[in-house]
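2 protein chains.
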Amino acid sequence: MSIKGLFPIDKWDFKSESIFADLRPEDFELLTAHKSEHVYKKNDILFREGTYPSGIFFINKGKVKKYKVDKDGKEQIIYLANTAQLIGYHAILSGDRYPDSAAVMEESVITFIPKEDFLKTLDQSPALNKRLLKTLSHEFAVLANSLTMFAQKTVRERLALQLIVIREKHKVDAVEGAPVEINISREDLASLVGTARENVIRILTEFKEKGILETKGRKIIVKDINTLIKIANHK
Amino acid sequence: MSIKGLFPIDKWDFKSESIFADLRPEDFELLTAHKSEHVYKKNDILFREGTYPSGIFFINKGKVKKYKVDKDGKEQIIYLANTAQLIGYHAILSGDRYPDSAAVMEESVITFIPKEDFLKTLDQSPALNKRLLKTLSHEFAVLANSLTMFAQKTVRERLALQLIVIREKHKVDAVEGAPVEINISREDLASLVGTARENVIRILTEFKEKGILETKGRKIIVKDINTLIKIANHK
DNA sequence: CTTGAAAAGTGACTTTTTTCAATTCTAAAA
DNA sequence: TTTTAGAATTGAAAAAAGTCACTTTTCAAG
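Protein chains in written order, with my numbering: chain A, 16 to 250; chain Z, 16 to 250.
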């Protein structure tokens, strides 16, 4: 997935290839033996930083934020996970506690798979091992990229970049052809970009005045993605 | 490794448990069948971002920086690797190109293991698979932590934190009992902290005036680690 | 259709960080 | 020991980002 060749999205977001794509039927059987499905409401919490993991979560449909909270309660969003993505496996693999929290951003349908089944499947499936190694090292590269972005880009550039990335993500669940409406609170946007809410609002206003985007209630509609790309790449 | 219980270093740095610790002898044999050892000089480059990986590098003794360079040539250090650490495996696992570059920071002895041997060993060793999954997910957590730090802490706080982390790393190769001399250019320090060199220098001067550290030529000696910890944690 | 609480937006001001243009220092090589 | 290039340092000014106090808008429950 790329925008005019300029913007390889998988440099900025995790590949969406399914982690379970090449499992043998018997492995898939074992993995999903005790799965359960739930509908979560907005703001429901899937897991909390510092607790021990009980299983993994597959997002059938919806949006989930992974975030960390610092001493002052300030939230930092690490990643926005979408429909068809799996979360919560890092802690199980590392044998440690969850390094971050996860909360549902809009009503979502999510499948839970107990830790034991995941680990058992991992023991008997070389394909799953290989796939997870690939996924994790790719995720690492994406995160390293984010780090560089935080260290070197201005808030304005980071916001432009995130708007592009979020818009791409929204496409997954969007109606074909219709303009993509980005539905995210200014607070979450600020937390994703790593700045204050007021700052985000000011820059959004500037973008609106320049015709780069429009708002419809609280939703954001990108009108001029090329300028947004230019801004994100500037420096 | 922790400092007064306050500061779990493995939250800020990768575990130094050897990745090869629990390999069977025959797997270790296969892995090291075609290894080669070289002495690298300061500023030698091990690999460059965007190139295809040819193997993995084990640091027998020395210091290596992993970094990314942006369009303007500005360098961002992602990680400082030390004696007994392994680098360059992410790209091989992801099946992609190197996401960052690696350069030697001081004369270093480094063992090279060809990609083919690494992959073959990976195919026949469940222990290596397990260990790598554990390592990668831990590394991911550390990087997520760094990201949060970049997004939420001031330059002053980040510099304090990095000084603590670097000092811990220097201990590995330091003479027992002697004061730890941090040997890093202001430029590299700035690149690690994600700011301008001048900014680093000003804050170092401030720390010096407050008796938190001393300099000996270009080397930095931490005198009051507790204050440094307080500064790093403030917010 | 109202309405109240949460979210969004504004303005003024402060602090932090960057930038640029010097000058001084350090360490390695001659 | 001297030389000298690269590294470190300093000062001043501009720009970016953060903070605080407040007003307006939105949206969903009643």
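No residue lacks a Cβ here, since even glycine has one placed at the ideal position from N, Cα and C.
Shortest Cα-Cα distance from T136 of chain A to any of A:I181, A:A48, A:V237 involves A:A48.
Within its own chain, no residue has a Cβ closer than 6 Å to the Cβ of D25 of chain Z once the five positions on either side in sequence are excluded.
The way I'd put it, the segment 124-140 of chain A doesn't touch the segment 83-97 of chain A; fewer than three beta-carbon pairs between them come closer than 8 Å. Listed along the chain, the chain Z residues whose CB falls inside 8 Å of the CB of H105 of chain A are S152, F155, A156. Runs of the alpha helix (DSSP H) lying entirely within the segment 70-139 of chain A and spanning at least 4 residues, in chain order: 104-109, 130-139. The CB of K83 of chain Z comes closer than 8 Å to the CB of A159, N160, T163 in chain A, given here in chain order.
For K184 of chain Z and A193 of chain Z, the gap between their C-alpha atoms comes out near 15 Å. In the DSSP annotation of this structure, the continuous segment of the alpha helix (DSSP H) that includes S161 of chain A starts and ends at 141-167.
Annotated as distal: I102 of chain A and K130 of chain A, with beta-carbon spacing of 7 Å or more.
In the DSSP annotation of this structure, the continuous segment of the alpha helix (DSSP H) that includes I218 of chain A starts and ends at 212-224. For M120 of chain Z, same chain residues with a beta-carbon under 6 Å away, outside a window of 5 residues either side, are K78, K80 in chain order.
Q177 of chain Z has a beta carbon lying at 7 Å or more from every beta carbon in chain A. In summary, no residue of the segment 232-245 of chain Z has a CB separated from any CB of chain A by less than 9 Å. A contact between stretches requires three or more CB pairs, one per stretch, nearer than 8 Å, and the segment 148-167 of chain A meets this requirement with the segment 29-45 of chain A.
Within the segment 194-225 of chain A, those residues whose Cβ lies closer than 7 Å to any Cβ of chain Z are, in chain order, G209.
Between P114 of chain Z and chain A, the shortest Cβ-Cβ separation is below 7 Å. With a beta-carbon spacing of about 5 Å, L158 of chain Z and L158 of chain A fall inside the 8 Å limit used to define contacts. E229 of chain Z sits in a strand when the DSSP states are folded into three classes.
Residues of chain A with a Cβ closer than 8 Å to the Cβ of K149 of chain Z are, in chain order, L108, S109, G110. For K26 of chain A, the three-state secondary structure derived from DSSP is helix. If you look at V237 of chain A, you'll find it isn't in any alpha helix (DSSP H); it sits in the beta strand (DSSP E) that goes 234-237.
F43 of chain Z sits in a helix when the DSSP states are folded into three classes. With contacts defined as CB atoms closer than 7 Å, S140 of chain A and E64 of chain A fail to qualify as a contacting pair.
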